[in-house]
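The structure appears right after this line, and notes come after that.
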Amino acid sequence: MASIERTAYPRFKRNLTKKELHQIYTPTIEETQFVHSFARGSEFLLKAMVLLKTFQKLGYFPKGNSIPKGIIEYIRDCLSLSQDTTLDIQPSRVTRKYQQKIREYFHVIPNGKETRPIMINILTEAAKVKDHPPDLINIAIEELVKSRCELPSFRVLDELTGQIRRAVNKEQFQLVSSKLSSEQIHSFNELLIRSTEKHYSDYNRFKTLPKKPTLKNLRDHIDYFIWLQSYGDMTLFLERIAPSKIKYYAAEAKSLDAAELKDYSEPKRITLLICLIHQAQVKTKDHLAEMYQKRIGTIHNSSKEDHKDMKEQKQNELEHLISIFNDVLLIMASENNDAHIHEKVKETIDSYGSVQTLLDKCEAVASTKGNNYYPFIQKHYKNSRSTLYKLADLLQFTSTSQDQSLMHALEFVMENRNKRTDWLPDEVDLSFASDQWRRMVRIKQKDEGWLIHRRHLEACVFSCIATELKSGDICVPGSESYADYRKQLLPWKECEPLIPEYCRELGFPDNEVDFVTGLKSWMIESSKQIDQDFPDNEHVSINEAGELILKKVKKREYKESLKELEVLIKERLPERNLIDILCNVEHWINWTRHFGPSSGSDPKLKNPRERYILTTFAYGCNLGPVQAARHMREDVTGSVLSYTNQRHVTARKIDQTLRDIINHYHHEFDLPKLWGKGESAAADGTKYDIYEENLLAEYHIRYGGYGGIAYHHVSDNYIALFSHFIPCGVWEAVYILDGLLKNESDVQPDTIHADTQGQSTPVFGLSHLLGIKLMPRIRNFKKLTFFRPSSDMKYKHIDSLFSDTIDWDLIELHWKDLLRVVLSIKHGKISSAMLLRKLGNYSQKNKLYQAFRELGRVVRTAFLLQYISDIDLRRTITATTNKVEAYNGFSKWLFFGGDGIISDNDPEQQEKSIKYGDLVANAIIFQNVVDLTAVIRQLKREGYYVDPEDLSVLSPYLTEHIKRFGDYIIDLGEPPQPLDGKLEVDFKTA
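Taking my numbering, the leading residue of the sequence shown gets 23, the next gets one more, and so forth.
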């Protein structure tokens, strides 16, 4: 049975505010007249109105004893009935009569014979793509409400969901099993049996994770992929099963050991194994594509280092060659006879060595000129050559555009891979390559004309493939992250009817001509206004060289009363330990209800709430299960905590708990409203150390050391909204929008601030079409290009800032493509992070990239003009980005175990570690606001004047009163004081 708390099944809120009572349960004139039309007498009027308003709220008729007393009393007062009027809605003829009239009033189909087929159809279709029972129940509730059906009881809905889920899954298991021969079934079962020579069964090998992308590890992973492929194409067995179900079955198989999987029925066991193998094949393609790019990156980085070293070594040779050239020039200057000049020049050159020797030296010195490190690539490429060819064979790189020049070049080098000659006929179109590569690859010979240098061509082709994998111009069929993203977009036929409503919501014209016209008018008007106001703006100026000069934002000065208030608060804050805080927040919110087995049933653990709290503490503070268990009761072991983490907690479930904490924080407290309205957020990353032996680990130049980046989105009221864990080498800007879009809480910012990573034009373009205002902190604005609306547009005061012009035709031409991408993101077909990974790399082939870049140039130019002219905006951006930077330090203070190193090499577990940390951090923030509110109320009662301006600069990132160390004892038997977020202070919100 699924827990009702994990679903959206409508229930009465425990504590209703006066505002909520008024908004939800106040009868309208029409409703009052309707009730009076059939109910006579005080008790019957109260009965009818309570039934009507509760049905209107819940969608079903609740039992009388479940209706909060406050609702009954409020409705009674609204009807001006006597205090003695009692409510009786026990089953009776009158009750049933009233219920039927109310259903007819709301045009609702009664729960019963008519609604059951509707429920069965909804759940059957949903169970084909979803598996988690609470998700199925939520879908059923949503569709029943849309169909104007009365909701059944939760027990009925839960039982029916379980029956249909089991039936659909059983049907899918049988479907897969029916496609297999008895020999194939036997071979799959053999995977679970451990041979005497091995410590683990082959089943365990399907869970292999990629290691650090060294050449040896890359070769090992290629061998692993070949082994995976030896089991054949699993998609043949998984036809008619939704990708989401395949992922779920694979995740379930991954969480089990061989002994547990043996206990399943054969059809289910075989299906889970096939899904696990399929996902392993898909993911391994992704891992190999990523390792391929990193191997190419390593080759280029090593070549750059060699070029740098050679540059230093060749300085003496350069001076030597210059002296030879100087001697030659002196001869030519002192002689008039050409024959004598020729003879003396020849003698001079011969004295320094042969002509060929000097030419070799010149070539060596020339190769160090500028930043051309390409001649050094061959030295490092040759060690990886066979491995790169093997990857090209296995991954089957495919172009995503009509430009096939790179693919034809790949075919050419593959055909000639076994030839020993360095020279090949000039039969390759090198339009895909840079000028530097073309000069190295295509060489003019004296007698044979133009020829292709085979080894240089190989290095060029493999390097360009790595670049185009990043930009999405090349895909890997059968992968996930490197699949053709265009095929993941909504078809235009599905997008077209959605455009008018979407554009209306965001205030955009719903056709390309008007969209571009409006965008151009907005850019012209805003730039003209800033030009007009420029002379009166004392915070910005342009010097004689035409350079922009911004005056620094002055540091905010605080009152002496703030220091006094901080001292008083520090003295009065109660000492807390971390586990007690998690217990308190659990009492107030019941956040652990989201954790549980993947089946969606109630957990069968002993004291599950305690287990979930201790597991969150162990992983959220990075102690790990074993170390944490040493400081807990004897019945809490490391294996118990590890089991709970593996089987009962996912990243998705942690996000759901975070959503609950954020919502209560946002709605229950007055204090955070002084810090921010939740309308803006800031994004920033901070490095966490991880072990080198995994694919995510990269050396970070800015931070130093190997690790990954925890990329946090923090609201202007200090609460953390969403986090990712990403490699150090990834362009952080791709996750700026993704965090906002994946945030499912009631705090929905429409403005995002970020550091300089957010300056990219494609990100500006995409954020504009998503209705998000991107306002990053600008540090190197002098290097950014300002674009004119048109070439003939001139400005009186700021004209020197502009250096290029917008191509409006490009935006208009690809307007439909831009909208298709945005609608695909909104409907969950593709993530904004995946798309921006493709759009974050320059591509001369990708017209979508070019269109987003052009749109982004418009939006960024308008923002830059606003940024330089509005000092208050700069102050706001700085203040909000300072909050996320403060959160980074706060969350790391709580992540104190294991020397701050994330020890797990599994990317999924690494992501969970960061989200566990957010859960602990948000719980501390929540408790700190509870305590701050109580202290401020107490100060107010003691007669102390509390200035709202002082409160507005407080922070919930307080740690001095928190105990991190010692024995960790959990006690859920003593509930904290009831939650009360009222300050009892007159204030204005931020």
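Just so you know, even glycine gets a beta-carbon here, dropped at the ideal spot from N, CA and C.
Computed from a predicted model, the values in this text were never measured in an experiment.
Query, Result
"Which first and last residues belong to the alpha helix (DSSP H) in which L541 is found?", "E534 to D555"
"Output the distance between the C-alpha atoms of S812 and H561, rounded to the nearest integer angstrom.", "28 Å"
"State buried or exposed for D180, treating a residue as buried only when at least 16 other CB atoms are found within 10 Å of its CB.", "buried"
"Between K851 and E632, what straight-line distance do the alpha-carbon atoms span, to the nearest angstrom?", "38 Å"
"Determine the contact status of V435 and L452, defining contact as a CB-CB distance below 8 Å.", "no"
"Tell me which same chain residues have a C-beta within less than 6 Å of the C-beta of T903, skipping the five on either side of it?", "A704, H775 and R799"
"Measuring CB atoms only, is the segment 394–401 touching the segment 316–325, in the sense that at least three cross pairs come out at less than 8 Å?", "yes"
"Let's see if you can read the secondary structure: which residues bound the beta strand (DSSP E) around H735?", "Y728 to S737"
"State the CB to CB distance for the pair T183 and P155, rounded to an integer number of angstroms; the pair is presumed to be in contact (CB under 8 Å).", "5 Å"
"Beta-carbon separation of I292 and L260 under 8 Å?", "no"
"Name the DSSP beta bridge partners of W445, please?", "H475"
"Any idea if P235 is buried or exposed, counting beta-carbon neighbours within 10 angstroms, 16 or more meaning buried?", "buried"
"Shortest alpha-carbon distance to H342 belongs to which of L600, H309 and T379?", "T379"
"Please list the terminal residues of the continuous alpha helix (DSSP H) segment that includes F77.", "S64 to L80"
"Can you tell me whether DSSP reads A1035 as helix, strand or coil?", "For residue 1035 there is no data in the structure shown, the boundaries of the chain being 23 and 1012."
"With H, G and I counted as helix, E and B as strand and the rest as coil, what does DSSP make of G707?", "strand"
"Do H309 and H243 have their C-beta atoms within less than 8 Å of each other?", "yes"
"Nearest to D506 by alpha carbon, out of E480, Q418, G540 and I546?", "Q418"
"Return the Cβ separation of L763 and I847 in integer angstroms, given the expectation that the two are a contact with Cβ distance under 8 Å.", "7 Å"
"Check the DSSP bridge columns for A742 and list the partner residues they point to.", "V736"
"Does the Cβ-Cβ distance between P784 and R875 come in under 8 Å?", "yes"
"Suppose only complete runs of 4+ residues qualify. What are the alpha helix (DSSP H) ranges in the segment 262–297, listed by chain order?", "265–277 and 280–284"
"Under the three-state reduction of DSSP, which class applies to I852: helix, strand or coil?", "coil"
"Check this for me: beta carbons of I712 and N944, under 8 Å apart or not?", "no"
"Within a Cβ cutoff of 7 Å, which residues of the same chain sit near F247, ignoring the five residues on either side of it in sequence?", "T306, L310 and L416"
"Assuming R187 and H129 form a contact by the criterion Cβ under 8 Å, report the distance between their Cβ atoms to the nearest whole angstrom.", "The Cβ separation is near 31 Å, so there is no contact."
"Residues in its own chain within less than 6 Å of D826 by CB, not counting five upstream and five downstream?", "T807 and F809"
"Could you say which of R62, P84, I144 and R98 lies nearest to T48 if we only look at CA atoms?", "R98"
"Determine the burial state of D993: buried for a count of at least 16 other Cβ atoms within 10 Å of its Cβ, exposed for fewer.", "exposed"
"Taking only three categories from DSSP, how would you classify L792?", "coil"
"With DSSP collapsed to three states, give me the class of H616.", "helix"
"My understanding is that K20 touches Y120, with C-beta atoms under 8 Å, so please give their C-beta distance in whole angstroms.", "Outside the displayed range of the chain (23 to 1012) lies residue 20, so it cannot be described from this structure."
"Tell me the DSSP bridge mates of P749?", "G730"
"What do you get for G939, buried or exposed, if any count of 16 or more other CB atoms within 10 angstroms of its CB means buried?", "buried"
"Between M429, P447, V538 and A640, which lies nearest to S485 when the distance is taken from Cα to Cα?", "M429"
"Taking S25 as the reference, give the member of V151, R598 and K626 with the closest Cα.", "K626"
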